[in-house]
Each structure stands twice: as C-alpha cells, then as structure tokens.
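For the sequence shown, numbering that gives the first Met the number 0 gives the first residue as 0, with consecutive numbering after it.
The beta-carbon is built from N, C-alpha and C at its ideal position, and this holds for glycine as well.
In this text, all values refer to a predicted model and were calculated from it rather than measured experimentally.
Data block below; observations after.
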Amino acid sequence: MSERLLIGRSRETERLKELLLAPGPHLITVRGEAGVGKTALLEEIAKERALFRYEAADMNSRLLKRGFTSDFNQFFGRTEAEFPSWEDALKSAFAAALETGSAIAFDRFEALCGAVPEFPAVLREVFQSVRSASPFPLILSGGGVAWMRETVSGFKSPLYGLPNTTIELSALSVRDMPAFFPGWTQSDQFTVWALFGGIPGVLALFDREDSFEANLSRLLTRGSVFDFAVRLATEIPFREPRIYHSIMSAVAYDCDTPGRIATWIGETEAKCGKYLSGLVRSGLVTKIFPCGVPKDGRKGLYRLSSPALKIWYRCLFMGSGNGASGLKTRLNAILNEPLALASAEALTRLGRRSRLRFIPEESGLLEGAKSASGTLFALSDASKSDWLIGLASSDPTPVTEKTLRGFALHALKGRDDRRTDLAASSLAGYTDEARNFAETAGIRLLELPDLLR
Numbered sequence: 000m001s002e003r004l005l006i007g008r009s010r011e012t013e014r015l016k017e018l019l020l021a022p023g024p025h026l027i028t029v030r031g032e033a034g035v036g037k038t039a040l041l042e043e044i045a046k047e048r049a050l051f052r053y054e055a056a057d058m059n060s061r062l063l064k065r066g067f068t069s070d071f072n073q074f075f076g077r078t079e080a081e082f083p084s085w086e087d088a089l090k091s092a093f094a095a096a097l098e099t100g101s102a103i104a105f106d107r108f109e110a111l112c113g114a115v116p117e118f119p120a121v122l123r124e125v126f127q128s129v130r131s132a133s134p135f136p137l138i139l140s141g142g143g144v145a146w147m148r149e150t151v152s153g154f155k156s157p158l159y160g161l162p163n164t165t166i167e168l169s170a171l172s173v174r175d176m177p178a179f180f181p182g183w184t185q186s187d188q189f190t191v192w193a194l195f196g197g198i199p200g201v202l203a204l205f206d207r208e209d210s211f212e213a214n215l216s217r218l219l220t221r222g223s224v225f226d227f228a229v230r231l232a233t234e235i236p237f238r239e240p241r242i243y244h245s246i247m248s249a250v251a252y253d254c255d256t257p258g259r260i261a262t263w264i265g266e267t268e269a270k271c272g273k274y275l276s277g278l279v280r281s282g283l284v285t286k287i288f289p290c291g292v293p294k295d296g297r298k299g300l301y302r303l304s305s306p307a308l309k310i311w312y313r314c315l316f317m318g319s320g321n322g323a324s325g326l327k328t329r330l331n332a333i334l335n336e337p338l339a340l341a342s343a344e345a346l347t348r349l350g351r352r353s354r355l356r357f358i359p360e361e362s363g364l365l366e367g368a369k370s371a372s373g374t375l376f377a378l379s380d381a382s383k384s385d386w387l388i389g390l391a392s393s394d395p396t397p398v399t400e401k402t403l404r405g406f407a408l409h410a411l412k413g414r415d416d417r418r419t420d421l422a423a424s425s426l427a428g429y430t431d432e433a434r435n436f437a438e439t440a441g442i443r444l445l446e447l448p449d450l451l452r
C-alpha cells in the first residue's frame, strides 16, 4: 500500500480506530467512489488491529464463496472445506473473529451483493445472533455512495435498523496537493487537482519525481494506465453505450442541460433526459445546483462525477491519442470552474473564522456562471440576504483593472436588495492598476497560495 493514498485521511483513520473499540456488535459503513482510498484505509487499520478483510471480485456466488473459504483459512489458520452456504461461512467467520478478537471487513460490498442478492438478509440474520460485550465490528466497504446508502441503511434494506456508523470518503481537497506532490510548483499542484480531481487512486498514477508536463505526456496517451483505468470504469452494462458515451462526451464539453446535450449529439431532449437519469444512478454523472438555486428545482446542471472523466473525454476518447499535445492552449476553459469552486471553499474557510462580513451557509457556482472574463461563483448566508460574488480567472495573463471593473458592474447589477461583497481569484495574479482598483472598491483578491494553504 502506498503511503500517499492516505494523505488527507487522518480524521477518517482516527474515527475508524475509535469505532473499532466500541463495545458489542455493530456495523461500520465505509463508502466513497472508486479509487478514493477505502481499501487503503482498511489496510492502514489492519496494521494495528487484527482485521479479516475479504475483497469481493466480479465473479458468481460459487466462486466468491470458494475465495472466501480460502481467505478464511489463511487468515485464521484453519483447514475448512468450501462452505456449503453463505450462512455457514458467516457463522464460522463470526465465531473465529470473536475467538481471536478480530474485526471483519467486506470490501467491494457492491460486487458481493451483485452476485449474491440475498447476502444482506443472510448477513442480518447471522449478525443479530452475535451476543458479545466485547468489540465486534463488522465493516462494509463499497463504492457508489447512493447504492451503499440504499443497500445498507435504506428503509427497504434488510440491514436497516442495525447499529450502524458511516464513514464517507470524498475526494481530496486542493489543499492536500502540496503534501501529495511536494516537489512541484503551486501552479502544477493546482492544475493536477483541477484536471484529474482529488481521487488518490488517480493521483497515484503520477510519478511525483518527474515533472508535471512529463506525466501529462505519459498519461494522456492512448493505451496508458490512465486511459485503461477510465475505459474500464465507463464500461458499464448499458444497452446503448454509444448514446451514453455521446452524452458524457457532451457533458465533458460543458453542455450542462438536457437541451444543450440534445443539440450537441443530435438526439431529442426527452431521450437525453432519460439516459441522463441512468448515468446519474450509475454515479458517472452528477447534478449540481448553483448557489441560491433550490435543490429540488429544475435548474440543476449536469457534470461528470470526476474531473478525470472530463479530461479523458476531451483528450483521449475523441482525440488523436496524444491528449497532452496542445493541452496548455486549452487549459483556460478547463481550469476556470475548478478554480471557482476552490476559491469558494477558501472564502468559506475565511467566513467561518469571522474574516468575512457574514458566515457562509452555501457556496458554489453562480447561476449563469459563464462570463467572458472567467467563471462566477458565490457565497450566501442562511437568509440569502448577504452575498459574496467572485470571479475566477485561469487566464495565463494577470487580471486587469478593466476586467475587474466589468466584473463589478455585472455582479452588482440588479442586486440592490442584497448586501453584496466582491472577490476575484486568479492563477496569474493581477496588474498593479487592478490591485489599486480592488483596494479602492473593496474587492478581495485571491491567488494560488490562498487556495493551497
């Protein structure tokens, strides 16, 4: 296991260690998207606590049970023949765990339940039969946050009602990139996060002893390990993969509504909406809502679930096979939105430390976030009366006074009923004239060090 995979996971690691000491039988759910570091977390815990971890593969029930028997014998030093049923397998595992003081973890729980649909019901029956005051934690680890939520804690799940604590691993923050790539420049640290996301399994593909540019040339090439990994992740059993790939390609090129997607790929809006629902359920596409827009409204925008998917669709799926070629000239359109989100997060931290006029309750992209100068983002308080609106510019040249003046006029227009502050975020900095204007107009300026600290 690579130590790098656990960067930024100290809180989750300590929480899991604490839960493993809780008395009596209880469930622990570890969930998060593929590559986020669930298995690495379990392996780290196994250094200090005896942990029987069974990782399910994509096989049928018979072969999974055979593999479980083999792992069981190796871990507990037994010579059991193949267990006749999953009920027998679980009873033996639980008895051995109680005898040895071990914890049990089922990794890739989604693969196990896919091959053995009755597994949650069998697990509940056997688990409830455990009577012990000593710690007996059972860890269920799986990808697909929505699927894990429904299968483990959903009202219709056989496991519903069991004592259960959830640890959810999300992508790493841009602030974790200096620790992940300590020898790189701040610009490269931000760019790798913006292009590939904070998924440790993806970031681990980079050779941090090499330059960022050399890594791009190696990974953004047909047949690379990155290319192979993303192709594997998108090979889901849809009946019409051509339509799904076309839709995801359109989303990668910033078509964010069913209407725009339909125009891009030449299909009806109704058909695109139906397929988008399937992509959202699969976890490949997510629906986000701009700051201030009701979450149950129809103004949600579609995004690929990971920046790595976006860069793959833009550079390799339809590309010539060398996506790194000419990438620098296309970065502006790709980096603006991640810069906006990272800037909103940085300002939210300032607000919570009372460094803003109000405590932010919500942050994110601003509705109608596209502008000629960059991407607009916003923060608001709970009452939606106090706002901070920002401009994120990934342009390779410093932001000018003219750009800031135009942004200020655009941001404040029609907002007489709201108390509004302004901010700007730039990867290339600001001209002296822009800094003077910002000081006079009260515009807060952010640069890379503010995002990474």
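Reduced DSSP category for glycine 100 - H, G, I as helix; E, B as strand; rest coil: coil
With distances taken from CA atoms, which of Ala251, Leu355, Ala332 is nearest alanine 307? Distances from the CA of alanine 307 to each of Ala251, Leu355, Ala332 were compared; the closest alpha carbon is that of Ala251.
Glutamate 2 versus leucine 444 - alpha carbon distance: Residue placement at glutamate 2 is poorly supported in this model, since its pLDDT is 49, which falls under 50; the coordinates still yield a value, given next. Between glutamate 2 and leucine 444, the C-alpha separation is close to 35 Å.
Inter-residue spacing [alpha-carbon to alpha-carbon] between alanine 33 and valine 144: So the two alpha carbons sit approximately 10 Å from each other.
Below 8 Å on the Cβ atoms is my guess for threonine 285 versus valine 279; work out the distance and round it to an integer in Å. Here threonine 285 really is in contact with valine 279; their C-beta atoms are around 7 Å apart, less than 8 Å.
Residues that DSSP places opposite leucine 139 in a beta bridge: Thr28, Phe105
Proximity to glycine 359 [Cα-Cα], best of Phe376, Ser370, Ser324, Ala371: The question names glycine, but residue 359 is proline in the sequence shown. If we check each option's Cα against that of proline 359, Phe376 comes out closest.
Where does phenylalanine 227 land, buried or exposed, given buried means 16+ other C-beta within 10 angstroms? Burial call: exposed.
Does the distance from the CB of threonine 12 to the CB of alanine 49 come in under 8 Å? Not closer than 8 Å, so no.
Which ranges would you report for the beta strand (DSSP E) in the segment 376–448 if only whole runs of at least 3 residues count? 385–392, 418–425, 442–445
Taking a contact to mean a Cβ-Cβ separation below 8 Å, would you say leucine 364 touches alanine 339 in this structure? Less than 8 Å divides the Cβ of leucine 364 from the Cβ of alanine 339.
Is it the case that the segment 19–30 contacts the segment 76–84, given that we only count it when at least three CB pairs across the two stretches are under 8 Å? no
Evaluate arginine 10 with the Cβ neighbour count: other Cβ atoms within 10 Å of its Cβ, from every protein chain shown; 16 or more gives buried, anything less gives exposed. exposed
For threonine 68, which three-state DSSP category applies? helix
So, for alanine 433: in the same chain, excluding its five sequence neighbours on each side, which residues have a beta-carbon less than 6 Å away from its beta-carbon? Val398, Thr399, Glu400, Leu403
In chain order, what are the residue ranges of uninterrupted beta strand (DSSP E) at least 3 long that sit wholly in the segment 122–166? 135–141
Selection from Ser131, Leu158, Leu171 that minimises the alpha carbon distance to leucine 451: Leu171
Please tell me whether threonine 164 and arginine 30 are closer than 8 Å, where the distance is taken between their beta carbons. Their beta carbons are not under 8 Å apart, which means threonine 164 does not touch arginine 30 by this criterion.
Using a Cβ-Cβ cutoff of less than 6 Å, which residues in the same chain neighbour leucine 158 once the five nearest sequence positions on both sides are dropped? Excluding residues within five positions, the ones whose Cβ falls inside 6 Å are Pro119, Arg123, Val151.
Touching by the beta-carbon criterion (3+ pairs, under 8 Å), the segment 134–142 and the segment 104–116: yes
Distance, Cα to Cα, leucine 5 vs methionine 176? Roughly 12 Å separates the two Cα atoms.
Can you find the residues in the same chain that come closer than 7 Å, C-beta to C-beta, to lysine 294, ignoring five residues on each side of it along the sequence? Phe288
Same chain, Cβ closer than 8 Å to alanine 422, neighbours up to 5 away in sequence not counted: Ser342, Leu346, Leu387, Ile388, Gly389, Leu390, Ile442, Arg443, Leu444, Leu445
Can you tell me which residues form a DSSP beta bridge with threonine 220? Asn321
Residue interval of the beta strand (DSSP E) (run including valine 201): Run containing valine 201: none in the beta strand (DSSP E); it sits in the alpha helix (DSSP H), 199–202.
Alpha carbon of serine 305 to alpha carbon of leucine 378, nearest angstrom: Just so you know, the alpha carbons of serine 305 and leucine 378 end up roughly 23 Å apart.
Three-way DSSP call (helix, strand, coil) for glutamate 336 in this model: helix
What did DSSP end up calling isoleucine 287 once you bin it into helix, strand or coil? strand
Apart from the five residues just before and just after methionine 0, which ones in its own chain have a Cβ nearer than 6 Å to its Cβ? A caution first: methionine 0 carries a pLDDT of 36, below 50, which makes its placement in the model unreliable, though a value can still be read off. Same-chain partners within the cutoff: Ala39, Glu42.
What are the start and end residues of the beta strand (DSSP E) that includes leucine 168? No beta strand (DSSP E) holds leucine 168; DSSP gives it neither H nor E.
Opposing strand residues paired with leucine 365 [DSSP bridges]: Note: leucine 365 sits in a beta bridge opposite Cys290.
So, with DSSP's three-state summary, where would you put arginine 8? coil
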